[in-house]
Amino acid sequence: MKQSGLRRPLVFGLLLGLCLPCCLTQTTPSTGATPPPTPPPSPSAQTERLKVRLAGYPRKHNEGRVELFHQGEWGTVCDDDFSIANAHVLCRQLGFVEATGWTHSAKYGKGQGKIWLDNVLCSGGEKSFELCKSRGWGNSDCTHDEDAGVVCKDERIPGFVDFNVIDAHVNENSVEEVRLRPVVATKKKHPVTEGVVEVKYKDGWAQVCDLGWSIKNTRVVCGMLGFPHERKVNKNFYKLYLERQNNFFHIHSVACTGTEVHLAACPLEFSKPNSTSSCPGGMPAVVSCMPGPLFMQNSGLKKKLKTSSNVRLKGGARLGEGRVEVLKNGEWGTVCDDRWNLQSASVVCRELGFGSAKEALTGARMGQGMGPIYMNEVKCAGTEKSIWTCPFKNITSEDCQHLEDAAVRCNVPHLGLENTIRIVGGRSSYEGRVEVQVGSRWGTVCSSGWTTKEAMVVCRQLGLGYSMHAITETWYWDSSNVTDMVMSGVKCTGSEMSLSHCQHHKTVSCQKAAAKFAAGVICSETASDLVLNASLVQQTVYIEDRPLHMLYCAAEEDCLSKSAAKANWPYGHRRLLRFSSQIHNIGRADFKPKAGRHSWVWHACHGHYHSMDIFTHYDLLNANGTKVAEGHKASFCLEDTDCQEGVSKRYECANFGDQGITVGCWDLYRHDIDCQWIDITDIKPGNYIMQIVINPNFEVAESDFTNNAMKCNCKYDGHRIWFHNCHIGDAFSEEAERRFEKYPGQLNNKIS
């Protein structure tokens with residue numbers, strides 16, 4: 000029974016940290032309604048977004064000096080008359096729900112350049128900071144000693160879109176979009192790896208003069224288009240063709256160092272308004288890029304260009320994003336976000352076969368890791384082949400916590416995969432019936448065998464985050480005139496880039512082919528992530544010989560092995576392997592049971608409702624992986640036993656309360672409660688592997704399923720049991736995991 004009296008709080012938990020990219024923007028219609036004395040915005044400004052960012056050092060991701068982008072230049076805001084209402088408007092514009100405070104007197108360091116606004120007075124309800132009253136743009140009597148800052152509540156506005164902002168310190172100009180226009184390709188192939196460099200200009204595209212063009216410039220262009228490496232181009236091949244084209248040169252000179260993450264960050268020389276847009280003696284710049292192994296068609300080349308085996312990304316929903324983890328001495332660990340920037344993030348991205356970094360994320364924005372933290376204050380120049388060759392500090396326990404885990408969003412090649420799939424009929428753009436394009440026709444997908452793994456691929460392909468639910472009946476979403484079923488037998492691993500990459504029938508075959516049984520999905524920007532405290536299992540394990548007369552309730556709930564049914568009840572005993580389970584939610588959304596409370600089952604024996612049929616498997620495996628004993632821990636009551644400091648409990652089983660695990664909290668099943676065991680009565684002495692798997696059927700969405708299993712080496716001599724090497728399933732390198740599986744005996748183990 001799961002009673003509060005039996006539960007003891009353990010100070011072991013992780014607090015979710017959400018983070019903000021250094022700079023975000025939000026569209027706000029600028030109209031003449033701006034109160035005086037602010038001058039009305041110009042017609043061109045009416046279509047522009049006011050860009051806002053947080054800057055300064057030291058600071059957390061949700062606080063900093065306020066900086067605004069106006070007339071092509073970043074500037075600050077003076078603290079005169081600044082208020083919490085001002086801070087609310089700014090924080091909401093940056094994607095946070097509200098402000099918790101504001102700062103004065105350049106607390107986050109002095110800014111540079113213009114002080115754009117002074118004596119700003121917001122009511123608190125404005126959609127954009129530029130709609131607040133002020134003295135007008137550039138009209139200030141302050142110095143940078145009076146720069147204002149804000150502290151935002153570390154909670155994101157649901158559905159807030161992060162705009163693709165390049166850096167907090169680039170000289171932003173009119174270069175925002177860059178593309179490669181293929182010259183020789185007759186058929187449009189994705190990704191485009193070679194072609195003429197073009198920049199978005201007004202309503203069309205313009206070329207870049209190649210005079211003085213260097214391989215460093217090529218590296219920057221390739222990086223921002225999602226490619227880790229650049230190649231030399233045969234200019235003579237293109238020259239004749241391009242000379243006959245009607246070229247318009249918007250940029251005449253580019254001087255990148257090669258470490259920039261975007262062309263806009265390089266020194267550029269633009270054509271003057273009245274000059275002729277020629278490129279004397281030159282031609283349009285042509286670039287050739289080498290894609291990473293993931294995006295290559297040539298399998299032989301793929302093998303040659305293997306990506307790094309000691310760096311990985313975890314917990315991200317989309318391709319090329321996630322928490323940065325590095326491998327040391329056979330164990331994976333994280334990177335602390337102190338001084339984490341786009342140059343260091345870009346080294347990680349290129350190392351993994353992507354382009355340069357789109358965002359360097361701090362504050363465990365992609366969830367928290369559970370292992371060691373290996374690096375702090377990483378300072379890559381941007382040219383390194385691996386993050387391991389960059390200068391960094393080793394971690395001491397006082398330096399960092401997992402709520403400071405660094406993450407990245409990398410530039411990835413445009414593959415056009417999102418154009419071959421859509422979801423329709425849902426209440427929002429995040430849900431609906433799945434429709435795919437096969438050849439030239441659109442159709443539905445058979446929902447037979449449709450699971451969370453397939454739904455994960457759909458949400459990833461559409462860029463909609465994580466899969467919350469895999470729907471097998473979609474009659475209530477039938478808003479499309481598409482009735483044909485074009486795909487069946489879909490079976491995914493969950494890591495594919497596209498549904499078409501998964502296994503599926505060559506010829507459509509579906510028992511329930513009616514449109515109402517088509518597959519559907521509900522996607523979400525955030526998801527939970529459950530992880531077991533492996534060290535607690537190791538510390539609490541012991542054997543108990545429990546009399547049968549005390550096990551009637553457990554037998555009723557099927558918590559004993561099959562041989563117990565033949566025992567001479569109530570005489571005799573069962574030998575139980577007991578331990579505590581502490582399950583943490585380190586993700587970015589609460590873990591809630593899939594079934595609604597109307598279908599929860601009351602268990603009078605233990606006095607509470609069970610909200611999930613199968614939540615955890617407890618298994619004992621022999622050396623070749625065969626299951627020799629299992630704990631029938633089928634139904635669970637989910638609640639917050641305890642939480643990290645600053646996080647409140649939300650779920651409690653008592654009195655038919657809501658069930659779940661809050662972000663930053665954990666659910667503890669103590670060793671001394673019923674069914675918290677494996678019945679090992681029939682097990683012979685020997686070496687075994689103990690395995691616990693949380694959420695084994697992927698019933699509830701998580702951002703990372705690879706950390707749901709925990710394993711321990713186990714030695715049983717017939718009287719006592721030893722556990723050692725308990726670890727989460729993805730904590731070790733593949734080599735270390737192989738050694739673990741084969742390990743024959745134990746030395747220097749604690750006897751529990």
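Note that numbering that gives the first Met the number 0 has the sequence shown beginning at 0, numbered continuously upward.
Quick reminder that beta carbons are idealized off the backbone N, C-alpha and C, glycines included.
Treat the numbers as computed from the prediction; the structure is a model and nothing was measured.
ask   = Relative to the alpha-carbon of Glu-453, which residue among Thr-492, Leu-416, Glu-434 has its alpha-carbon at the smallest distance?
value = Taking the sequence shown and counting its residues from 1, the one referred to as residue 453 is at position 454. Comparing alpha-carbon positions, the option among Thr-492, Leu-416, Glu-434 lying closest to Glu-453 turns out to be Thr-492.
query = Which stretch, first to last residue, makes up the beta strand (DSSP E) that contains Val-191?
reply = Numbered from 1 along the sequence shown, position 192 holds the residue referred to as residue 191. Counting along the chain, Val-191 falls outside any beta strand (DSSP E), and DSSP gives it neither H nor E.
inquiry  = So, for Gly-756: in the same chain, excluding its five sequence neighbours on each side, which residues have a beta-carbon less than 6 Å away from its beta-carbon?
reply    = Outside the displayed span of the chain (0 to 751) sits residue 756, for which this structure offers no information.
query = Of the choices Asp-729, Phe-68, Ser-560, Gln-70, whose alpha-carbon is the least far from that of Ala-533?
reply = One-based indexing of the sequence shown puts residue 533 at position 534. If we check each option's Cα against that of Ala-533, Asp-729 comes out closest.
inquiry  = Distance check for Asn-567 and Ala-554, CA to CA, integer angstroms please.
reply    = Here the question's residue 554 lines up with position 555 in the sequence shown. Here the question's residue 567 lines up with position 568 in the sequence shown. For Ala-554 and Asn-567, the distance between alpha carbons rounds to 13 Å.
Exposure of Asp-618, with buried meaning 16 or more beta-carbon neighbours within 10 Å = In the sequence shown, counting from the first residue as 1, residue 618 sits at position 619. A buried status is given to Asp-618, since no fewer than 16 other beta-carbon atoms sit within 10 Å of its beta-carbon.
ask   = Given Val-485, which residues of its chain have a CB within under 6 Å of its CB, disregarding the five upstream and five downstream residues?
value = As a first step, residue 485 is located in the sequence shown; it is residue number 486 there, counting from the start. These residues qualify, in order along the chain: Val-437, Gly-442.
inquiry  = In whole angstroms, give me the CA-to-CA distance for Met-223 and Ala-356.
reply    = Taking the first residue of the sequence shown as position 1, residue 223 is located at position 224. Taking the first residue of the sequence shown as position 1, residue 356 is located at position 357. A direct Cα-to-Cα measurement between Met-223 and Ala-356 gives close to 8 Å.
message = Considering just the uninterrupted stretch of the alpha helix (DSSP H) at Thr-539, what are its terminal residues?
response = If you number the sequence shown from 1, residue 539 lands on position 540. Looking at the DSSP string, the run of the alpha helix (DSSP H) that includes Thr-539 is 533-539.
Neighbourhood of His-504 by C-beta distance below 7 Å, restricted to the same chain and skipping five residues each side = Position 505 of the sequence shown, counted from the first residue, corresponds to residue 504. So the list reads Ser-487, Gly-488, once near-sequence residues are dropped.
message = Does the structure place the stretch 557-574 close enough to the stretch 582-591 that three or more beta carbon pairs sit under 8 Å?
response = Touching, no.
ask   = For chain B, is any of its Cβ atoms less than 8 Å away from the one on His-583?
value = Included in the structure is just one protein chain, with no chain B present.
query = Whose C-beta lies closer than 6 Å to the C-beta of Ala-700 among residues of the same chain, with five residues either side of it excluded?
reply = Within the sequence shown, residue 700 is the residue found at index 701, counting from 1. Counting only Cβ-Cβ distances below 6 Å, and skipping sequence neighbours, we find Tyr-465, Ser-466, Met-467, Ala-526.
query = Counting Cβ pairs, one atom from each stretch, are 3 or more of them under 8 Å apart for the stretch 413-432 and the stretch 203-216?
reply = Between the stretch 413-432 and the stretch 203-216 there are fewer than three C-beta pairs closer than 8 Å, too few to call the two in contact.
inquiry  = Short of 7 Å in beta carbon distance, which residues of its chain neighbour Gln-510, apart from the five on each side in sequence? Order them along the chain.
reply    = As a first step, residue 510 must be located in the sequence shown, where it is residue number 511. Sequence-distant Cβ neighbours of Gln-510 in its own chain, meaning closer than 7 Å and more than five residues away, are Ser-447.
ask   = How big is the Cα-Cα spacing for Gln-502 and Cys-389?
value = If you number the sequence shown from 1, residue 502 lands on position 503. If you number the sequence shown from 1, residue 389 lands on position 390. Taking the straight line from one Cα to the other gives about 41 Å.
key: 7 Å Cβ shell around Pro-266 - same chain, five flanking residues per side excluded   = Mapped onto the sequence shown, residue 266 falls at position 267. The beta carbon of Pro-266 sits closer than 7 Å to those of Ala-254, all from its chain and outside the five residues before and after it, given in chain order.
query = Looking at Cys-409 and Gly-319, is the spacing between their C-beta atoms short of 8 Å?
reply = Counting from one through the sequence shown, the residue named residue 319 turns up at place 320. Counting from one through the sequence shown, the residue named residue 409 turns up at place 410. In contact: Gly-319 and Cys-409 (Cβ atoms closer than 8 Å).
inquiry  = Measuring only the C-alpha atoms, how far is Trp-665 from Pro-592?
reply    = In the sequence shown, counting from the first residue as 1, residue 665 sits at position 666. In the sequence shown, counting from the first residue as 1, residue 592 sits at position 593. Between the alpha carbons of Trp-665 and Pro-592 lies a distance of about 15 Å.
Straight-line Cα distance separating Ala-316 from Val-423 = Reading the sequence shown from its first residue, position 424 is the one you call residue 423. Reading the sequence shown from its first residue, position 317 is the one you call residue 316. The straight-line gap separating the alpha-carbon atoms of Val-423 and Ala-316 is approximately 21 Å.
ask   = Is the CB-CB distance between Val-191 and Val-198 below 8 Å?
value = What you label residue 191 is simply residue 192 of the sequence shown in a count that begins at 1. What you label residue 198 is simply residue 199 of the sequence shown in a count that begins at 1. Not closer than 8 Å, so no.
message = Any heavy atom of the ligand HEM inside 7 Å of the beta-carbon of Gln-206?
response = Among the components of this structure there are no ligands whatsoever, and the ligand HEM is therefore not found.
inquiry  = Can you look up Lys-327 in the DSSP assignment and give me helix, strand or coil?
reply    = Along the sequence shown, read from residue 1 onward, the residue named residue 327 stands at position 328. Strand at Lys-327.
task = Give me whichever residues DSSP pairs with Cys-265 in a beta bridge.
result = In the sequence shown, residue 265 corresponds to position 266, counting from 1. None; Cys-265 has no bridge partner.
key: Whole-Å CB distance - Ala-205 paired with Phe-269, under 8 Å assumed   = Translated into the one-based positions of the sequence shown, residue 205 becomes position 206. Translated into the one-based positions of the sequence shown, residue 269 becomes position 270. About 10 Å; that fails the 8 Å criterion.
ask   = Do Leu-416 and Val-456 come within 8 Å of each other at the CB atom, strictly closer than that value?
value = One-based indexing of the sequence shown puts residue 456 at position 457. One-based indexing of the sequence shown puts residue 416 at position 417. Cβ atoms of Val-456 and Leu-416: not closer than 8 Å.
message = I'd like to check one pair, Leu-312 with Leu-341: are the Cβ atoms closer than 8 Å?
response = Counting from one through the sequence shown, the residue named residue 341 turns up at place 342. Counting from one through the sequence shown, the residue named residue 312 turns up at place 313. Cβ atoms of Leu-341 and Leu-312: not closer than 8 Å.
task = Take the Cβ of Gln-244 as the centre, count every other Cβ of all protein chains shown within 10 Å, and call the residue buried at 16 or more, exposed below.
result = Taking the first residue of the sequence shown as position 1, residue 244 is located at position 245. The residue in question, Gln-244, is exposed, as its Cβ has fewer than 16 Cβ neighbours within 10 Å.
message = In whole angstroms, give me the CA-to-CA distance for Cys-558 and Asp-673.
response = By one-based count along the sequence shown, residue 558 stands at place 559. By one-based count along the sequence shown, residue 673 stands at place 674. Taking the straight line joining both Cα atoms gives about 8 Å.
task = Select from Val-507, Cys-522, Asp-477 the residue whose C-alpha is nearest the C-alpha of Lys-515.
result = Translated into the one-based positions of the sequence shown, residue 515 becomes position 516. The residue with the shortest Cα to Cα distance from Lys-515 is Asp-477.
key: Straight-line Cα distance separating Asn-375 from Phe-739   = Position 740 of the sequence shown, counted from the first residue, corresponds to residue 739. Position 376 of the sequence shown, counted from the first residue, corresponds to residue 375. The alpha-carbon separation between Phe-739 and Asn-375 amounts to approximately 29 Å.
task = In angstroms with no decimal places, state the Cα-to-Cα distance between Phe-731 and Ser-598.
result = Counted from its first residue, the sequence shown places residue 731 at position 732. Counted from its first residue, the sequence shown places residue 598 at position 599. About 39 Å.
task = Drop a sphere of 10 angstroms on the beta-carbon of Asp-404, count the other beta-carbons inside from all chains shown, and report buried for 16 or more, exposed for fewer.
result = Here the question's residue 404 lines up with position 405 in the sequence shown. It counts as buried.
request  = Could you tell me which residues DSSP puts in a beta bridge with Val-65?
outcome  = Looking up residue 65 in the sequence shown gives position 66. Val-65 pairs with Leu-53.
Tyr-414 versus Met-369: straight-line alpha-carbon distance, rounded = Indexing the sequence shown from 1 puts residue 414 at position 415. Indexing the sequence shown from 1 puts residue 369 at position 370. The residue asked about is misnamed: residue 414 is Leu in this sequence, not Tyr. Near 33 Å, if we compare the C-alpha coordinates of Met-369 and Leu-414.
task = Apply the 10 Å Cβ neighbour rule to Tyr-240 and answer buried if 16 or more other Cβ atoms are within range, or exposed otherwise.
result = Numbered from 1 along the sequence shown, position 241 holds the residue referred to as residue 240. Under this definition Tyr-240 is an exposed residue.
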